[in-house]
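One structure is given below, encoded as structure tokens.
Number of protein chains: 2
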Amino acid sequence: MSRSDARADGQFDARFHAQFEELLLWRRDVRHFLSDAVDPLLLVRLLDLARLAPSVGFSQPARFVLVESPARRAAMRENFLRSNQAALADYIGATAALYAQLKLAGLNEAPIHLAVFCDEDTATGRGLGRRTMPEMLRYSVVAAVQNLWLALRMHGVGLGWVSILDPRQVVKDLDVPPTWALVAYCCIGYPKEVHDVPELERSGWERRKVASSAALIMR
Amino acid sequence: MSRSDARADGQFDARFHAQFEELLLWRRDVRHFLSDAVDPLLLVRLLDLARLAPSVGFSQPARFVLVESPARRAAMRENFLRSNQAALADYIGATAALYAQLKLAGLNEAPIHLAVFCDEDTATGRGLGRRTMPEMLRYSVVAAVQNLWLALRMHGVGLGWVSILDPRQVVKDLDVPPTWALVAYCCIGYPKEVHDVPELERSGWERRKVASSAALIMR
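Sequence lines, in order, name chains A and B. Residues 17 to 235 in the working numbering are what the first sequence lists, from first letter to last. Residues 17 to 235 in the working numbering are what the second sequence lists, from first letter to last.
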């Protein structure tokens with residue numbers, strides 16, 4: 017069953033069920049961070065949990081880059097500002113700009129910047145399961161980020177996923193191999209406030225859709 | 017802090033930390049299922065947990081389709097067989113075919129087939145955060161699938177993600193809007209055996225890479 021006879025057999029009790037549901041409820045996109053440091057050993061340990069996520073053909077394509085140099089962080093902010101400027105030209109304008117500013121606040125405040133890439137050129141997994149759906153490789157990286165998000169939140173640490181970026185420019189600015197694709201640029205730190213309602217919902221940007229059995233389509 | 021004063025403030029204890037790590041370890045891609053039924057109410061409840069995943073701009077693009085008709089299930093198997101045949105023409109051959117057959121077993125045995133799509137045409141979220149990285153919409157659906165995977169496993173139910181499929185053909189065969197993109201085709205049921213080591217690792221297809229602080233790249 018398990019390579020370790022000492023380990024339990026993967027049964028979980030009702031108390032855990034309830035707490036896990038709480039964790040999913042409290043997992044929020046964080047935009048405002050305290051400057052308090054996050055223990056680097058904690059981060060390394062939680063990245064190991066992230067790596068337990070499924071990957072297509074067991075390809076394990078996630079690559080984690082900690083961005084600490086002030087010059088490189090400035091390049092990320094520049095990229096964000098340019099990308100956001102371009103976005104404003106063709107969409108909803110003032111309100112969108114406001115919410116985008118919140119992400120900029122995260123970029124300025126978060127003690128940890130973590131870029132997560134997909135190694136599109138990896139031989140690991142030998143291509144299994146990704147011929148008709150090559151995007152499975154990047155999806156495997158997303159699963160790792162979601163594991164990380166939950167694991168961080170469990171320890172009270174918040175994550176904000178910044179996607180208003182030119183991903184190819186990030187590859188250049190962080191000097192990683194050109195065969196790596198940016199999947200997530202993550203701001204990580206202790207949140208200024210803790211919420212179980214998404215900021216975009218609280219602010220009226222968008223409402224949660226009613227989820228019910230009616231939303232399950234039958235074929 | 018919370019809309020419900022009764023709810024805890026999102027703190028998690030050491031016992032939960034350890035159990036959550038166990039859950040991530042035990043979350044496995046399942047290929048062999050028992051025919052035992054899964055309670056439909058449990059599935060509906062866990063889909064609600066899946067929907068708690070983050071989504072770009074709070075766009076909530078995941079669409080869940082339960083595939084029950086024998087004719088449609090047969091179409092999925094046909095799609096799989098065609099896609100797998102095409103794959104064999106250009107890769108490692110016999111061994112890959114063997115592992116692909118395991119997925120076919122899952123398609124034949126799993127009591128629940130769940131197709132998960134991304135509604136690429138949704139107005140929800142108003143485009144926020146997906147102009148430079150439009151793939152964020154599909155990534156949001158992957159996060160929901162990963163939530164679902166963990167929630168199912170917590171209840172002892174297994175999921176197998178089938179990606180040896182022509183995704184556009186699935187859209188046609190399941191008669192969903194052409195603006196929906198297939199993200200995951202999931203076989204769901206109670207597993208025949210429970211493992212904490214990936215089947216592809218046990219069988220020698222691929223090894224787990226050593227994850228350590230050395231794997232964290234600094235910039």
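By construction, the Cβ of each residue, glycine as well, lies at the ideal position given by its N, Cα and C atoms.
- For Phe49(B), no Cβ of chain A is located within less than 9 Å of the residue's own Cβ.
- The alpha helix (DSSP H) runs of length 4 or more contained entirely in the stretch 164-222 of chain A are, from start to end of the chain, 183-189 and 215-218.
- The beta carbon of Pro207(A) sits closer than 6 Å to the beta carbons of Val46 and Gly174 from its chain, once the five residues preceding and following it are set aside; these are given in chain order.
- Residues of chain A with a Cβ closer than 9 Å to the Cβ of Lys225(B) are, in chain order, Arg67, Gln76 and Thr140.
- In the three-state scheme derived from DSSP, where H, G and I count as helix and E and B as strand, Arg43(A) is classed as coil.
- Within the stretch 23-87 of chain A, the runs of beta strand (DSSP E) that reach at least 3 residues and sit entirely inside it are, in chain order, 78-82.
- Taking the Cα positions, Leu62(A) is about 19 Å away from Arg235(B).
- Remark: fewer than three beta-carbon pairs, one from each stretch, lie closer than 8 Å, so the stretch 146-160 of chain A and the stretch 85-100 of chain A are not flagged as touching.
- If you compare the alpha carbons of Leu130(A), Val72(A), Gln101(A) and Ala131(A) with that of Gln117(A), the shortest gap goes to Gln101(A).
- With respect to chain B, the C-beta atom of Pro194(A) has no partner C-beta closer than 9 Å.
- At a cut-off of 9 Å between C-beta atoms, Tyr206(B) does not count as an interface residue with respect to chain A.
- One Cα belongs to Phe36(A), the other to Phe36(B), and the distance between them is close to 8 Å.
- In the three-state scheme derived from DSSP, where H, G and I count as helix and E and B as strand, Ala121(A) is classed as helix.
- Taking every protein chain shown into account, the CB of Pro194(A) has fewer than 16 other CB atoms within 10 angstroms, so this residue is exposed.
- Closer than 9 Å to the CB of Val158(B) there is at least one CB belonging to chain A.
- Taking the Cβ atoms as the reference, Ala231(B) lies roughly 23 Å from Ala159(B), outside the contact range of under 8 Å.
- Rounded to the nearest angstrom, the gap between the Cα atoms of His171(A) and Ala53(A) is 13 Å.
- Between Ala66(A) and Leu164(A) the beta-carbon gap is near 4 Å, inside 8 Å, which marks them as a contact.
- Scanning chain B for C-beta atoms nearer than 7 Å to the C-beta of Met92(A) yields nothing, as the closest lies near 10 Å away.
- Between Cys134(B) and Arg79(B), the gap from beta carbon to beta carbon is short of 9 Å.
- With a cutoff of 9 Å on beta-carbon distance, Arg154(A) and Pro77(A) are scored as near each other.
- Under the 10 Å beta carbon count, Lys188(A) is surrounded by fewer than 16 other beta carbons and is classified as exposed.
- Listed in chain order, the non-local C-beta contacts of Ser99(B) below 8 Å within the same chain comprise Ile180, Leu181 and Asp182, local neighbours out to five positions each way being set aside.
- The three-state secondary structure of Leu232(B), taken from DSSP, is strand.
- Measuring C-alpha to C-alpha distances from Ala139(B) to each of Leu40(A), Asp29(A), Trp221(A) and His48(A) identifies Trp221(A) as the nearest.
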